[in-house]
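Below: the structure, in structure tokens.
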Amino acid sequence: MTFRQLTEEHLDALREISNVGMGNAATALSQMVDETIDLRVPKVSLADISDVPDLMGGADMVVVGVTLQIRGDATGTVLLVFPEESALRLARRLLGRPQSAPALDEMGISTLKEVGNILASSYLGAMGSLLNLTLLPSIPLLAHDMAGAVIDYLLIELSESGNQALVIETEFHGRSPQERVISGHFFLMPDPASLEVLTGAIGAVQ
Amino acid sequence: MSERTRVGISEYRVAPAPAHLVTYGLGSCLGITLYDESVAIGGLAHTLLPYPREGMDLTRPAKFVDAAIRLMLTDLLQLGCSQERLVAKMFGGANMFEGLQNPNREGIGQRNIRSARETLTELAIPLVAEDVGGNFGRTVEFDVANGGVLIRCVRDEQRERHF
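Protein sequences, first through last, are from chains X and A.
Under the numbering used here, the first residue of the first sequence is numbered 1, with each subsequent residue one higher.
Under the numbering used here, the first residue of the second sequence is numbered 1001, with each subsequent residue one higher.
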């Protein structure tokens, strides 16, 4: 099965899961920094994974990618991608001290990995509880490089499954309206066999 | 300023001088150039996987290292290159997320590199330069006028290298 075969009902369910999951992630992040952080999901869509570098502004745009494997009743990959500017701003806000481009220091790297962990855990937790599945994230890995280079392993993983990914656009808003929005993209790519597990579970709860 | 042609993922392009063939952000993907200096015609491929496996989508054959080299070769011979005079260079094949790959298994970047070596050996095309492996991305700019390749990196200390 491929993402192309998903129905509008499946996508609606995935949108609902995305909103609940990101809501939980916002709560977790806010507690982490003791400041209200609002996470909005302006768009949930399917994308051809080879178009992903263009979503980032081009294959040579520098981004920070955090990836985790999904384990449990379904398997797959989660990738969170931030434009470099947004990644540095997010690290700065969470750490309360500057991160100077182009290098992220060790604390910055750990912080962004932890953000990836929180987002993936919250998302998978929401998905698991709504669909009665056990879904667990692996430890997060980070790469800070050109968008094309950061995502090409996903293209390789997906070359057997129709090259499509669920894309959840994510915006981090702080309490102060003057603060610029930090934007990121959250990609969910179930393995082909696991996509059937997910659609089956969506069908079972609807 | 000569023409710059962008080569996307799973694509290849061949062109005579004064073309510049460019591909951006190779991670574990492998970029391969073939060049015949005597006629100043060359090709660049941006490949993803070593070779097809059962059940894979074969609509874009240049996705595969082996097929991309052979397709480029056919096109270059048609443009007047000689197989005996062709030389190859390869770039990329990195492992971007350390720890992602099972240490007991060869990573995809390594397998792409090995596939390119095997295909080039089989076709008797000498590999004259390479910059492969590591954990950083590379952009390839191939100047068909002289066969030179400029590699740009954002993470490595040495940001620009000539091959």
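We treat Cβ as the ideally placed atom computed from N, Cα and C, and that holds for glycine.
Asked                                                                                                                                                                                      : Found
Step through the CB atoms of chain A and report whether any lies within less than 9 Å of the CB of X/PRO190.                                                                               : no
Kindly list, in the order they appear in chain A, the residues whose Cβ is closer than 7 Å to that of X/ILE156.                                                                            : SER1028, LEU1048, LEU1049 and ILE1108
Determine whether the Cβ of X/LEU11 lies closer than 9 Å to any Cβ atom of chain A.                                                                                                        : no
Assuming the contact rule is C-beta atoms closer than 8 Å, A/GLY1137 and A/GLY1031 should be a hit. Round their C-beta distance to whole Å, please.                                        : Contact flag wrong, Cβ pair sits at about 11 Å.
Assuming A/LEU986 and A/VAL1014 are in contact, meaning their beta carbons sit under 8 Å apart, how far apart are those beta carbons, in whole angstroms?                                  : An answer regarding residue 986 of chain A cannot be provided, because it is not within the stretch 1001 to 1163 covered by chain A.
At which residues does the beta strand (DSSP E) containing X/ARG15 begin and terminate?                                                                                                    : Counting along the chain, X/ARG15 falls outside any beta strand (DSSP E), though it belongs to the alpha helix (DSSP H) covering 8-33.
Quick one: Cα of A/GLU1118 to Cα of A/VAL1065, how far?                                                                                                                                    : 10 Å
Taking X/GLY65 and X/VAL44 to be in contact with their CB atoms under 8 Å, please state how far apart those CB atoms are, rounded to whole angstroms.                                      : Not confirmed; about 19 Å, so no contact.
Please confirm if the stretch 151-159 of chain X is in contact with the stretch 1146-1158 of chain A, defined as three or more CB-CB distances below 8 Å between the two stretches.        : no
Against chain X, does A/GLY1147 count as a neighbour if the rule is that its beta carbon must be under 9 Å from one of theirs?                                                             : no
Taking A/PHE1091 as the reference, which of A/GLY1027, A/LEU1021 and A/GLU1003 has the closest Cα?                                                                                         : A/GLY1027
For a contact defined as C-beta to C-beta under 7 Å, what are the partners of X/ALA74 on chain A?                                                                                          : Correct list: empty, because the minimum Cβ distance to chain A is about 19 Å.
Assign A/MET1001 to one of three DSSP states: helix, strand, or coil.                                                                                                                      : Note that A/MET1001 scores a pLDDT of 48, beneath 50, so its modelled location is shaky; the value from the coordinates is reported in the next line. In the structure shown, A/MET1001 sits in coil (DSSP, three-state: anything other than H, G, I, E or B).
Is the stretch 114-134 of chain X touching the stretch 4-11 of chain X, taking contact as three or more C-beta pairs under 8 Å?                                                            : no
Using a 10 Å radius around the Cβ and a threshold of 16 neighbouring Cβ atoms, would you call X/LEU36 buried or exposed?                                                                   : A small correction: the amino acid at residue 36 of chain X is Thr; Leu does not occupy that position in the sequence shown. Result: exposed.
Would DSSP call A/LYS1061 helix, strand or coil?                                                                                                                                           : Note that residue 1061 of chain A corresponds to Pro in the displayed sequence, not to Lys. In this structure, A/PRO1061 counts as helix in the three-state DSSP scheme.
Between X/TYR123 and the rest of its own chain, which residues show a CB-CB distance below 6 Å, the 5 nearest in sequence each way excluded?                                               : GLY21
Give a yes or no on whether the C-beta atoms belonging to X/ALA204 and X/LEU188 are separated by under 9 Å.                                                                                : no
Which residues does DSSP pair with X/PRO190 in a beta bridge?                                                                                                                              : X/GLY76
Please work out which residues of its chain come closer than 8 Å, Cβ to Cβ, to A/MET1001, disregarding the five sequence neighbours upstream and downstream, and give them in chain order. : Low local confidence applies: a pLDDT of 48 at A/MET1001 is under 50, so the model's placement there is unreliable, and no value is given.
Can you tell me whether X/ASP51 is buried or exposed, with buried defined as 16 or more other CB within 10 angstroms of its CB?                                                            : exposed
Quick one, which residues of the stretch 1007-1021 of chain A are near chain X if we go by CB-CB under 9 Å, in chain order?                                                                : GLY1008, ILE1009 and SER1010
Check this for me: beta carbons of X/ALA47 and X/LEU55, under 9 Å apart or not?                                                                                                            : yes
A/LEU1150 bridges to which residues according to DSSP?                                                                                                                                     : A/GLU1141 and A/HIS1162
From which residue to which residue does the beta strand (DSSP E) around X/ALA56 run?                                                                                                      : Residue identity check: residue 56 of chain X is Met in the sequence provided, not Ala. Note, X/MET56: premise wrong, no beta strand (DSSP E); not H, not E.
By the DSSP assignment, the beta strand (DSSP E) with A/VAL1087 in it spans what residues?                                                                                                 : 1087-1092
By the 8 Å beta-carbon criterion, what residues does the stretch 1126-1146 of chain A contribute toward chain X?                                                                           : ASN1135, PHE1136, GLY1137, ARG1138 and THR1139
Report buried or exposed for A/GLY1147, applying the criterion of at least 16 other Cβ atoms within 10 angstroms of its Cβ.                                                                : buried
For A/ALA1045, would you say it is in contact with chain X, using Cβ-to-Cβ distances shorter than 9 Å as the test?                                                                         : no
From X/LEU155 to A/LEU1048, what does the alpha carbon distance come to, in whole angstroms?                                                                                               : 8 Å
DSSP beta-bridge partners for X/ALA143?                                                                                                                                                    : X/GLY65
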